[in-house]
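Contents: one structure, followed by commentary.
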Amino acid sequence: MSRAPCAALTLLLAVPALGADAGPPALGQEMQAIQRRHQDVARALEQTLAEIVRERRTYEAAPDDAAFAAWRDAVGHAQPLSVSLKTLAGSYRAGLMRLEVSHLAGAIGSAAPGRPRARPPPAEMSGVFTAWGEIDAAGDRLIQRFRNEQAVYEKAQAAHPDAQRRRRRVAALRRLAPAGAAAAAAALLWVWRRKPMAVPVAVPLASQVIAGNIELKGLIGRGAMGEVYEGLDKTLNRRVALKRLRPELLANPEDLELLLTEARTVAALKHPNIVAIRSVERHGGQVYLAFEFVDGSSLARILEERRRLDWAEALRVFKACCAALLCAHEKRIVHRDLKPANVMIARDGTVKVMDFGIAYTAQKSISRLTRAAAWGTPPYMAPEQELGGVSAAVDLFALSVCLYEMLTGELPFKGPNFLAQKREAYYRPVGELVPGLAPGVDAFFRTALAPEPSRRYPSAAALAAAAEAAR
């Protein structure tokens, strides 16, 4: 990985935009240190991934306990490296955003009457963003490779005889305790603890029962808040999506209470296009949120497979999301992180928006622990949201970005300097990318993606009506 951002960053901080204060030396030094640490951790993770692959193949060729233990240890070494890499990337992105805002503020100040016209941000800024974008993308690929390897390990771990033996021991302990065989139970527990344990497993054992009511069926994904499992509510005999909150969210009672308050607020939303919250469960020191189970795929997964949708299908999904936003905004609830990954499409075609406000609250709590920025997902964020402003308008902007992506297979704002592109409305017209669309489509996006909220459509209802009229 290149170290290019460091030299360019030093020069950039020494040459501020006209009318702006010089970048604080402390910020530059901190960002350089973060970038160097990020590259060191990335190299360590890459080496550990090679070790994981080597140990996995050894186990697959000769599945014995020694080979499995070596594989387990390699996965355990990679876990903290993956977390550290993601944390460092978030911290560096936060610094870049502060740097960009500083230069934009300086440029705006220099444009006041009687002051010389501001020159554009120095070329070094573009170099810093571009070089970091490559490093960050490489880091994301490493994290994804680890997650893929971790999933393979977890599947093998669940089927490994050692895991099966542990389940039998737990059952034996439960049978012994009521019979008063405390000594036997203690001896069995001592033998169990003497045996090397696997790394902390992100996935609870399948068929485990949570809070005496919800039976786990298996892991179905990971998100901002933690792992997501398919479960069966045995009382009502219905499937649920169970989100186990990340440990960071449980460390601070105030953060946890804030998130649960947000969950209770969102649970009051009743709409066919919003994923419902069924309950909050506590079990074994963990907190779970039980959501309505949607049997289908996320819009993000669909776009990965098909790249883009035709106008009629994209408009149908878009209007359903508008209906969900209208319901939420009437209750003064803002999603704050609307993107294809948070839109589910059921097998019967029903569109449902999930994670209203809750994922944002979770990210905000985690960010206080990691010092990373957690305002949303940059390509979908309205420019005012990048500067700290939150209103219903940011959801409408994000949804319009989603529509652009559905139609073209591309994002309108590709970065790395997202904020500058959004403030200049710098993106390729949809008509250039998808010939044959009605001329009104480009006019729709000029309003929907306008830099100033006052120039955009004022409500979800108005946004849906304008899109309908554009075809």
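Going by our numbering, the sequence shown wraps up at 477, each residue one higher than the last.
Beta carbons: idealized from backbone N, C-alpha and C, even for Gly.
Residue i versus residue j - alpha carbon distance
| i | j | result |
| --- | --- | --- |
| Pro384 | Leu332 | 23 Å |
| Ala217 | Arg43 | 42 Å |
| Tyr386 | Ala72 | 47 Å |
| Arg288 | Ala269 | 14 Å |
| Arg429 | Leu393 | 11 Å |
| Arg104 | Pro457 | 19 Å |
| Pro464 | Val400 | 11 Å |
| Asp354 | Arg322 | 13 Å |
| Ala143 | Phe362 | 27 Å |
| Asp46 | Trp77 | 23 Å |
| Gly415 | Leu309 | 7 Å |
| Asp1 | Leu305 | Because the chain in this structure spans residues 7 to 477, residue 1 falls outside the shown range and cannot be described. |
| Val215 | Cys408 | 38 Å |
| Gln427 | Leu102 | 15 Å |
Boundaries (first-last residue) of the beta strand (DSSP E) holding residue i
| i | result |
| --- | --- |
| Asp239 | Gly232 to Asp239 |
| Lys358 | Val357 to Val359 |
| Gly224 | Ile220 to Arg228 |
| Ala352 | Val349 to Ala352 |
Opening and closing residue of the alpha helix (DSSP H) in which residue i lies
| i | result |
| --- | --- |
| Pro412 | Correcting the residue type first, residue 412 is Met in the shown sequence and not Pro. From DSSP, the alpha helix (DSSP H) with Met412 extends over Ala398 to Thr414. |
| Ala468 | Ala466 to Ala476 |
| Ala449 | Gly446 to Ala454 |
| Gly437 | Val436 to Leu439 |
| Leu425 | Phe424 to Arg429 |
| Glu392 | Pro389 to Glu392 |
Test item: CB-CB of residue i and residue j under 8 Å
| i | j | result |
| --- | --- | --- |
| Leu439 | Ala320 | no |
| Ala326 | Val300 | no |
| Ile40 | Ser88 | no |
| Gly232 | Val246 | no |
| Met350 | Gly291 | no |
| Ile497 | Asp239 | In this structure the chain extends from 7 to 477, so residue 497 is not present and cannot be described. |
| Leu469 | Ala449 | no |
| Lys223 | Val234 | no |
| Ser406 | Pro459 | no |
| Ala318 | Val359 | no |
| Leu275 | Lys337 | yes |
| Arg462 | Leu402 | yes |
| Arg284 | Glu298 | yes |
| Gly139 | Pro389 | no |
| Val293 | Leu256 | yes |
| Gly446 | Ala475 | yes |
Same chain only: Cβ atoms within 7 Å of residue i, ignoring 5 sequence neighbours per side
| i | result |
| --- | --- |
| Tyr410 | Pro418, Val436 and Phe451 |
| Glu52 | Leu148 |
| Lys161 | none |
Contacts around residue i, its chain only, beta-carbon distance under 8 Å, and the 5 residues preceding and following it disregarded
| i | result |
| --- | --- |
| Ala192 | Note on Ala192: pLDDT 41, under 50, position unreliable in the model; no value is reported. |
| Glu155 | Leu55, Ile58, Val59, Arg62, Val81 and Ala84 |
Cβ shell of residue i (< 6 Å), same chain only, five flanking positions each side left out
| i | result |
| --- | --- |
| Ala80 | Glu57, Ile58 and Glu61 |
| Ala188 | Unreliable placement is indicated for Ala188, whose pLDDT of 41 sits below 50; the coordinate value is still reported in the next sentence. There are no such residues. |
Chain B within 8 Å of residue i, Cβ atoms only
| i | result |
| --- | --- |
| Glu411 | Within the model displayed, chain B is absent; a lone protein chain is all it includes. |
Could you name each continuous alpha helix (DSSP H) segment of 4 residues or more that falls completely within the segment 236-316, going from the start of the chain to the end? Those alpha helix (DSSP H) runs which fall completely within the segment 236-316 and span 4+ residues are 253-257, 259-273 and 305-312.
Going along the chain, which unbroken runs of the alpha helix (DSSP H) with 4 or more residues stay wholly within the segment 60-103? Runs found: none.
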